[in-house]
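One structure is given below, encoded as structure tokens.
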Amino acid sequence: MLANWITLSRFPLLIVFLAILYSGTPQAIAWSVPYLFLLLALDTVDGVVARRRGETSLMGSILDIAADRTYELVLWVSFAGLGMLPIGIPLIVIIRTTFTDAIRTIGVGQGEAPFQQQRSRLTRFLVTAPVMRSGYSATKILAFCGLTLAYGLSGYPAGSPAAFAPGSAATGTPPLSFPAMLRSRSPTRTSPSPGRTSSTCG
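Residue 10 is where the sequence shown starts when you use the numbering used here, and the numbers rise one by one after that.
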């Protein structure tokens, strides 16, 4: 089925992006943002194709979630490893994902697709409503594309117009993490000169 092939194609395409992210030049990393945008947008494309062609199935929904989880976990861990965000963020995502998918396996074992297991009106709205799913997709696209662009720009030499943060792949200094960048940009307190001491009244 075409929808499933679109979903499966996302896995090798992700490997190509990771190769650029870890071994590409700063320019290549920055210019890979549209490529990543396309990869993340395929999550919507495969669902639209499946519904229009009448190819929705239990296997298709499982493959779709597997691709989504792979992208989320791999990208969060990768950016944390590159120093672009705290390690606590991917840890929270991993714990949440593992717990959620473990519960979903109960319904899958009974022949229910993951997105058909919601019972209350609220949970159906949060999980399956088009506005919510579009919001989730837009948030992921903004987060991952923004991190990719920031990491690519951080590799430019300091002082260049495209530089995002101190550090350059050319000079061998790693890019600063966001907390370190904030500390480096915060105003420093000036200590009193040695000759000026506070006096006390006798």
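We put the beta carbon where it would ideally sit given N, CA and C, even for glycine. Small disclaimer: the values here were computed from a predicted structure and weren't measured.
One question on the structure: do residue i and residue j come within less than 8 angstroms of each other, judged by their Cβ atoms?
{"i": "Val83", "j": "Leu23", "result": "yes"}
{"i": "Trp85", "j": "Ile104", "result": "no"}
{"i": "Ile38", "j": "Gly164", "result": "yes"}
{"i": "Ser146", "j": "Asp55", "result": "no"}
{"i": "Ile1", "j": "Ser41", "result": "In the structure as shown, the chain begins at 10 and stops at 211. Residue 1 is therefore absent and cannot be evaluated."}
{"i": "Thr137", "j": "Gln127", "result": "yes"}
In terms of alpha-carbon separation, which member of the options lies closest to residue i?
{"i": "Trp14", "options": "Gly63, Asp73, Ser41 and Val140", "result": "Asp73"}
{"i": "Leu151", "options": "Leu48, Ile29 and Gln126", "result": "Leu48"}
{"i": "Ser66", "options": "Val25, Ala159, Arg78 and Gln125", "result": "Gln125"}
{"i": "Ala12", "options": "Arg60, Leu162, Val42 and Ile29", "result": "Arg60"}
{"i": "Arg78", "options": "Val57, Thr107 and Gly144", "result": "Thr107"}
{"i": "Arg62", "options": "Met10, Ala50, Leu91 and Pro21", "result": "Met10"}
{"i": "Gly69", "options": "Leu27, Ala138, Lys149 and Val117", "result": "Val117"}
{"i": "Ala50", "options": "Lys149, Gly161 and Val25", "result": "Lys149"}
{"i": "Leu91", "options": "Phe153, Pro21, Phe20 and Tyr31", "result": "Tyr31"}
Give every residue of the same chain whose Cβ lies closer than 6 angstroms to the Cβ of residue i, excluding the five residues on either side of it in the sequence, and list them in chain order.
{"i": "Thr16", "result": "Asp55, Leu72, Asp73 and Ala76"}
{"i": "Pro43", "result": "none"}
{"i": "Phe88", "result": "Leu94 and Leu156"}
{"i": "Val57", "result": "none"}
Count the other CB atoms, across all protein chains shown, that sit within 10 Å of the CB of residue i; report buried if there are 16 or more and exposed otherwise.
{"i": "Leu277", "result": "Nothing in the structure corresponds to residue 277, since the chain is present only between 10 and 211."}
{"i": "Thr132", "result": "exposed"}
{"i": "Pro35", "result": "buried"}
{"i": "Thr180", "result": "Only weak support is given to the placement of Thr180: the predicted model assigns it a pLDDT of 39, under 50, and the value that follows is read from those uncertain coordinates. Exposed."}
{"i": "Tyr80", "result": "buried"}
{"i": "Val140", "result": "exposed"}
{"i": "Pro183", "result": "In this prediction, Pro183 scores a pLDDT of 48, lower than 50, which makes its location untrustworthy; no coordinate-derived value is stated."}
{"i": "Gly161", "result": "buried"}
{"i": "Phe26", "result": "buried"}
Sorted by chain position, which residues of the same chain lie with C-beta nearer than 7 angstroms to residue i's C-beta, five sequence neighbours on each side aside?
{"i": "Leu135", "result": "Met141"}
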